[in-house]
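Colleague:
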Amino acid sequence: MPVISLGETPLANAWLTPDLATQREPRYPLHVLRCTRCALVQLSVVVEPSTLFGHYSYLTSASRPMVEHFGRYAHSLSERFALKGRLVVEFGSNDGALLRAFANQGARVMGVEPASNLAAAANAEGLPTFNAFFNAGVARDIKAKHGDAAVIAANNVLAHIDDLGDVLTAVELLLAPDGVFVAEVPYLLDLLEHVEYDTIYHEHLSYFALTPLVRLFAGAGLILADVERQKVHGGTIRVFVTRAGQPSTRVEAAIDHEKQIGVTEAGLYTTFASRVVQSRDALVAVLSGQRRNNARVVGLGATAKSTTLLNYCAIGPQHLDYIADSTHLKVGLLSPGSHIPIRSEDALSQDRPDTILLLAWNYADQIIAKHSDYLAGGGRFIHPIPLARLIP
Ligand code: JHZ
1 MPVISLGETP LANAWLTPDL ATQREPRYPL HVLRCTRCAL VQLSVVVEPS
51 TLFGHYSYLT SASRPMVEHF GRYAHSLSER FALKGRLVVE FGSNDGALLR
101 AFANQGARVM GVEPASNLAA AANAEGLPTF NAFFNAGVAR DIKAKHGDAA
151 VIAANNVLAH IDDLGDVLTA VELLLAPDGV FVAEVPYLLD LLEHVEYDTI
201 YHEHLSYFAL TPLVRLFAGA GLILADVERQ KVHGGTIRVF VTRAGQPSTR
251 VEAAIDHEKQ IGVTEAGLYT TFASRVVQSR DALVAVLSGQ RRNNARVVGL
301 GATAKSTTLL NYCAIGPQHL DYIADSTHLK VGLLSPGSHI PIRSEDALSQ
351 DRPDTILLLA WNYADQIIAK HSDYLAGGGR FIHPIPLARL IP
């Protein structure tokens with residue numbers, strides 16, 4: 001069943017060099033569908049993974065709140081599962097931010113990362129990383145050379161994978177008998193409740209509630225044994241998947257809650273779709289007000305999300321002078337579709353625009369705290385989600 005259509009958008013991380021600005025960029029339909037039986041929410045099209053992930057400009061380590069999150073994550077898992085000297089494998093390991101945190105806890109680490117630039121950066125830092133998509137062949141290779149894994153971690157990557165059955169076969173091959181597969185995925189209920197429609201883009205093929213995940217793992221002979229809510233990325237669930245045991249009471253309670261709020265029923269999704277339109281209209285109204293007052297507005301965070309938000313709301317260089325970002329790989333490029341220049345975040349302290357649109361709203365508290373001088377000097381922020389509001 002259709003949930004919403006966000007039009008045709010360019011790929012979320014397809015930042016382009018200014019010389020390509022006059023060429024037509026490839027756009028793909030961004031249509032969201034849902035399964036009426038199992039509540040799995042998915043996109044209608046699948047873009048070739050090597051196009052999306054062969055070279056990647058998102059660096060986990062460029063976002064300090066994520067580095068801190070992964071530090072806490074590695075510490076809590078090391079305490080819970082006694083990981084000193086044991087093997088932790090992460091697929092979709094990006095630049096090695098979580099591997100580094102596990103290595104600091106005394107675990108042996110191995111990454112698997114399809115982006116050649118990121119795998120090279122992690123290897124150069126001494127964090128061993130296979131440059132590959134994770135599959136049964138890679139799992140066998142790791143097992144033959146390094147033994148089985150006490151933990152297999154997958155953060156913000158399950159949603160990116162079309163053939164999840166294939167990946168779970170690889171997990172099953174590599175996981176130690178007492179091992180745990182730990183995955184973090186943005187939570188569908190947070191997306192719907194907080195109208196985080198901009199987290200919908202072509203890299204994210206699936207939007208997970210717990211209900212379809214339980215079925216998915218059961219199909220691979222695995223048990224979704226436990227779940228924790230995490231605050232990152234606008235609301236995430238961390239699931240713990242094992243070979244044996246029973247689902248915890250937390251899992252049962254979460255499944256009951258999903259049933260109660262009608263996760264397989266139409267109402268939840270029609271409400272979401274109409275709130276998305278309200279959210280867009282509110283943001284456009286706030287930005288138009290800024291223009292009427294001749295305020296100079298810039299964006300902060302050249303996020304994947306911003307590609308959906310800017311294209312869906314038709315926000316361009318007429319609204320935002322530039323987007324500031326802490327990732328050196330993005331600086332000097334233009335945003336996909338909207339062609340807004342990206343500058344270093346350091347530029348903000350000299351430049352002092354009137355207003356900053358929080359395109360990385362998921363770190364709003366940390367970003368506002370970091371730029372407290374700007375705020376104290378009369379600067380303002382726009383928080384775009386769920387309904388645009390000015391701070392202060
Ligand atoms: P951030 C990422 O999406 C990538 P994005 C990915 N596609 C995914 O699945 C989701 O997460 C879940 C910058 N920044 O984390 C750095 C500052 O400039 O919201 C990043 O470019 N200053 C794998 O891209 C961007 O913002 C700062 O102080 O939507 C953050 O991107 C901070 C904190 C960040 O995810």
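Positions 1 to 392 (the working numbering) are the ones given, in order, by the sequence shown. For glycine and all other residues, C-beta sits at the position ideal for the given N, C-alpha and C.
Going by other Cβ atoms of all chains shown within 10 Å of its Cβ, with 16 needed for buried, is GLN260 buried or exposed?
Modeller: Here residue 260 is taken as the residue at index 260 of the sequence shown, counted from 1. Exposed: under 16 other Cβ atoms inside 10 Å.
Colleague: Report the partner residues of ASN135 according to the DSSP bridge assignment.
Modeller: If you number the sequence shown from 1, residue 135 lands on position 135. Answer is none; ASN135 lacks a bridge partner.
Colleague: Answer with buried or exposed for GLN318, where buried requires no fewer than 16 other C-beta atoms within 10 angstroms of its C-beta.
Modeller: Taking the first residue of the sequence shown as position 1, residue 318 is located at position 318. Exposed, because fewer than 16 other Cβ atoms sit within 10 Å of the Cβ of GLN318.
Colleague: State the Cα-Cα distance for the pair ALA153 and PHE181, rounded to the nearest angstrom.
Modeller: Here residue 153 refers to the residue found at position 153 when the sequence shown is read from its first residue. Here residue 181 refers to the residue found at position 181 when the sequence shown is read from its first residue. Taking the straight line joining both Cα atoms gives about 6 Å.
Colleague: What's the C-alpha gap between VAL297 and ILE323?
Modeller: Against the sequence shown, residue 297 aligns to sequence position 297. Against the sequence shown, residue 323 aligns to sequence position 323. Roughly 9 Å separates the two Cα atoms.
Colleague: State buried or exposed for CYS313, treating a residue as buried only when at least 16 other CB atoms are found within 10 Å of its CB.
Modeller: Residue mapping note: residue 313 aligns to position 313 of the sequence shown, counting from 1. Label assigned to CYS313: buried.
Colleague: Consult DSSP for GLN366 and reduce its assignment to one of helix, strand or coil.
Modeller: Start at 1 with the first residue of the sequence shown, and residue 366 comes out as number 366. Three-state DSSP puts GLN366 in a helix.
Colleague: Is the region 156–171 close to the region 84–99, with three or more CB pairs under 8 Å?
Modeller: Touching, per the Cβ criterion.
Colleague: For HIS69, which of helix, strand or coil comes out of DSSP?
Modeller: On the sequence shown, residue 69 is found 69 positions in, with the first residue counted as 1. If DSSP states are grouped into helix, strand and coil, HIS69 belongs with the helices.
Colleague: By the 10 Å Cβ neighbour count, where 16 or more other Cβ atoms means buried, how is ALA107 classified, buried or exposed?
Modeller: Here residue 107 refers to the residue found at position 107 when the sequence shown is read from its first residue. The residue in question, ALA107, is buried, as its Cβ has 16 or more Cβ neighbours within 10 Å.
Colleague: Can ASN311 and SER338 be called in contact, C-beta distance under 8 Å?
Modeller: Position 311 of the sequence shown, counted from the first residue, corresponds to residue 311. Position 338 of the sequence shown, counted from the first residue, corresponds to residue 338. Contact: yes.
Colleague: So is the beta-carbon of HIS233 under 7 Å away from any non-hydrogen atom of the ligand JHZ?
Modeller: As a position in the sequence shown, residue 233 is number 233, starting the count at 1. HIS233: yes, Cβ under 7 Å from the ligand JHZ.
Colleague: Taking the alpha carbon of PRO386 as the reference point, which residue from SER50, LEU20 and ASP281 has its own alpha carbon closest?
Modeller: Translated into the one-based positions of the sequence shown, residue 386 becomes position 386. With distances taken between Cα atoms, PRO386 lies closest to ASP281.
Colleague: Can you name the residues that DSSP bridges to ASP325?
Modeller: One-based indexing of the sequence shown puts residue 325 at position 325. For ASP325, which the question treats as bridged, DSSP gives the partners SER344.
Colleague: At what residues does the beta strand (DSSP E) containing ASN104 begin and finish?
Modeller: Your numbering for residue 104 matches position 104 in the sequence shown. Looking at the DSSP string, ASN104 is not in any beta strand (DSSP E); the run it does join, the alpha helix (DSSP H), is 97–104.
Colleague: Exposed or buried, what is ALA12 when buried is set at 16 or more other beta-carbons lying within 10 Å of its beta-carbon?
Modeller: For the purposes of this step, residue 12 is taken as residue 12 along the sequence shown, with counting starting at 1. When all chains shown are included, ALA12 counts as buried.
Colleague: Suppose you measure from the CA of GLU8 to the CA of PRO18; what does that come to, to the nearest Å?
Modeller: For the purposes of this step, residue 8 is taken as residue 8 along the sequence shown, with counting starting at 1. For the purposes of this step, residue 18 is taken as residue 18 along the sequence shown, with counting starting at 1. Looking at the two C-alpha atoms, the distance is approximately 22 Å.
Colleague: Let me check one thing: in DSSP terms, what residues is ALA121 bridge-paired to?
Modeller: Position 121 of the sequence shown, counted from the first residue, corresponds to residue 121. DSSP, once it has assigned bridges, lists no residue as partnering ALA121.
Colleague: Between LEU77 and GLY96, which are expected to be in contact by the criterion C-beta below 8 Å, what is the C-beta distance as a whole number of angstroms?
Modeller: Looking up residue 77 in the sequence shown gives position 77. Looking up residue 96 in the sequence shown gives position 96. Not a contact, Cβ separation roughly 16 Å.
Colleague: Can you list, in chain order, the residues of its chain whose CB lies under 6 Å from that of GLY235, leaving out five sequence neighbours each side?
Modeller: Here residue 235 refers to the residue found at position 235 when the sequence shown is read from its first residue. Here the set comprises TYR187 and ASP190.
Colleague: The alpha helix (DSSP H) with ASN311 in it runs from where to where?
Modeller: Working through the sequence shown from its first residue, we reach residue 311 at position 311. Per DSSP, ASN311 belongs to the alpha helix (DSSP H) from 304–312.
Colleague: If you draw a straight line from the alpha carbon of ARG238 to that of ASN294, how long is it in whole angstroms?
Modeller: For this step, residue 238 is matched to residue 238 along the sequence shown. For this step, residue 294 is matched to residue 294 along the sequence shown. Each residue's Cα considered, the two are about 44 Å apart.
Colleague: Given a cut-off of 8 Å, decide if VAL284 and ALA39 are closer than it, judged by their beta-carbon atoms.
Modeller: By 1-based counting over the sequence shown, the position of residue 39 is 39. By 1-based counting over the sequence shown, the position of residue 284 is 284. In this structure, VAL284 does not lie closer than 8 Å to ALA39 by Cβ.
Colleague: Between which two residues does the alpha helix (DSSP H) harbouring ALA376 extend?
Modeller: Residue numbering aside, residue 376 sits at position 376 when the sequence shown is read from its first letter. It spans 372–376 - the alpha helix (DSSP H) in which ALA376 sits, taken as one unbroken run.
Colleague: For ALA40, which three-state DSSP category applies?
Modeller: Locating residue 40 in the sequence shown gives position 40, where the first residue counts as 1. It should be pointed out that residue 40 corresponds to Leu in this sequence rather than to Ala. Correct three-state label for LEU40: coil.
Colleague: Count the CB pairs spanning the region 201–221 and the region 41–53 that are closer than 8 Å, and state whether there are at least three.
Modeller: Segments in contact, yes.
Colleague: Would ALA115 pass as a contact of TYR56 if the rule is Cβ separation under 8 Å?
Modeller: Within the sequence shown, the letter at position 115 stands for residue 115. Within the sequence shown, the letter at position 56 stands for residue 56. Closer than 8 Å, so yes.
Colleague: Identify the residues that DSSP records as bridge partners of ASN293: which are they?
Modeller: Taking the first residue of the sequence shown as position 1, residue 293 is located at position 293. DSSP output for ASN293 lists no bridge partner at all.
Colleague: Measure the Cβ-Cβ separation of ILE367 and ALA360 and say whether it is below 8 Å.
Modeller: Residue 367 sits at position 367 when you count from the first residue of the sequence shown. Residue 360 sits at position 360 when you count from the first residue of the sequence shown. For ILE367 and ALA360, yes; Cβs fall inside 8 Å.
Colleague: Less than 8 Å separating the beta-carbons of ASN156 and GLU113?
Modeller: Translated into positions along the sequence shown, residue 156 becomes position 156. Translated into positions along the sequence shown, residue 113 becomes position 113. Their beta carbons are not under 8 Å apart, which means ASN156 does not touch GLU113 by this criterion.
Colleague: Would you call SER279 buried or exposed, if buried means 16 or more other Cβ atoms sit within 10 Å of its Cβ?
Modeller: Taking the sequence shown and counting its residues from 1, the one referred to as residue 279 is at position 279. With 16 or more Cβ atoms within 10 Å of its Cβ, SER279 is classed as buried.
Colleague: Using a Cβ-Cβ cutoff of less than 8 Å, which residues in the same chain neighbour VAL45 once the five nearest sequence positions on both sides are dropped?
Modeller: Position 45 of the sequence shown, counted from the first residue, corresponds to residue 45. Only TYR28, PRO29, HIS31 and HIS202 meet the Cβ criterion.
Colleague: Going by DSSP, what residue range makes up the alpha helix (DSSP H) through PRO212?
Modeller: Translated into the one-based positions of the sequence shown, residue 212 becomes position 212. Counting along the chain, the alpha helix (DSSP H) containing PRO212 begins and ends at 210–219.
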